[in-house]
Amino acid sequence: DQQVKQNSPSLSVQEGRISILNCDYTNSMFDYFLWYKKYPAEGPTFLISISSIKDKNEDGRFTVFLNKSAKHLSLHIVPSQPGDSAVYFCAASAAGSSNTGKLIFGQGTTLQVKP
Amino acid sequence: ETGVTQSPTHLIKTRGQQVTLRCSSQSGHNTVSWYQQALGQGPQFIFQYYREEENGRGNFPPRFSGLQFPNYSSELNVNALELDDSALYLCASSRDRKNTEAFFGQGTRLTVV
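Residue numbers (this note's numbering), protein chains in the order written: chain A, 1 to 115; chain B, 1001 to 1113.
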């Protein structure tokens, strides 16, 4: 049961254009969402997060949008740069009695930004 | 530089053996979580430790166990290794149990032959 899905395995964009990475989830208990970037031979690097009480969070070139009714979030990168080429994971966590910050990850989307 | 380091970076073990993977968290981070990432997949939650006690577990058998120490280091132990245990093992540390900003190490690539 894949609770967090990234349906696009890969995405290719031109440098300077916008990159939009999408993520869908099924568990309505998820209340916190994160995006990570991963280069080969490195661990995931935290990019940006959003709480379910918000619908948008912005940090420099990165903006995350959350649509709770559609159970959908997206990461916008603008302008895209060649150094953004990496695998991007979305992750979600749910409040629970154990208060465990268990992160459920999507399968990842490989972004290639062409010069 | 996340301040989270894992050792070793690569490891080859034989089926049936036991392995211990290590993680050193950032100072002040009371929470450490371990994840398994198979090729082409996202990381899967194994378990979380908070102040040296297990605080949540994913769908992994009991042969996966862990420890967290007062000096912000932790271990993942896997007994009776199986071929399917071959994966990248990641630890992540954060200040709170909610993992509002979890920092990952570079991972240990385990190959079981």
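All C-beta atoms in this analysis are idealised placements derived from N, C-alpha and C, irrespective of residue type, glycine included.
- Going by C-alpha positions, Ser1093 (chain B) is about 25 angstroms away from Thr110 (chain A).
- Of all residues in the segment 16-47 of chain A, only Tyr32, Leu34, Tyr36, Ala41, Glu42, Gly43, Pro44, Thr45, Phe46 place a beta-carbon less than 8 angstroms from a beta-carbon of chain B.
- Judged by DSSP in its simplified three-state form, Gly1107 (chain B) adopts coil rather than helix or strand.
- Judged by their CB atoms, Trp1034 (chain B) and Gly1003 (chain B) are not nearer to each other than the 9 angstroms cut-off.
- For Phe1104 (chain B), the chain A residues whose Cβ falls inside 9 angstroms of its Cβ are Tyr36, Lys38, Glu42, Gly43, Pro44, Thr45, Phe46, in order along the chain.
- Taking 8 angstroms as the upper bound for CB-CB distance, Pro1008 (chain B) and Thr1108 (chain B) are in contact here, some 6 angstroms apart.
- Sorting A:Pro115, A:Ile77, A:His72 by C-alpha distance to the C-alpha of Lys37 (chain A) places A:Ile77 at the top.
- Interface flag for Gly83 (chain A) against chain B is unset, since no Cβ pair is found closer than 9 angstroms.
- For the 9 angstroms CB-CB criterion, Tyr1089 (chain B) and Ser1025 (chain B) do not form a contact.
- The beta-carbon separation of Leu103 (chain A) and Tyr88 (chain A), rounded to 14 angstroms, does not stay under the 8 angstroms limit for a contact.
- Inside the segment 1026-1099 of chain B, DSSP marks whole beta strand (DSSP E) runs of 3 or more residues at positions 1031-1037, 1044-1050, 1053-1057, 1064-1068, 1073-1078, 1087-1094, from first to last along the chain.
- Ranked by Cα distance from Gln1018 (chain B), the first of B:Ala1080, B:Gln1106, B:Ser1086 is B:Ala1080.
- In terms of beta-carbon proximity, Ser49 (chain A) lines the interface with chain B, with at least one pair separated by less than 9 angstroms.
- Secondary structure in the segment 1-49 of chain A: the beta strand (DSSP E) runs of 3 residues or longer, each lying completely within the stretch, are 10-14, 19-25, 30-38 in chain order.
- Distance from the CA atom of Asn7 (chain A) to the CA atom of Cys23 (chain A), rounded to whole angstroms, is 7 angstroms.
- Close to chain B, meaning a Cβ-Cβ distance shorter than 9 angstroms, are the following residues of the segment 48-72 of chain A: Ser49, Ser51.
- In the three-state reduction of the DSSP assignment, Asp84 (chain A) falls in the helix class, which pools H, G and I.
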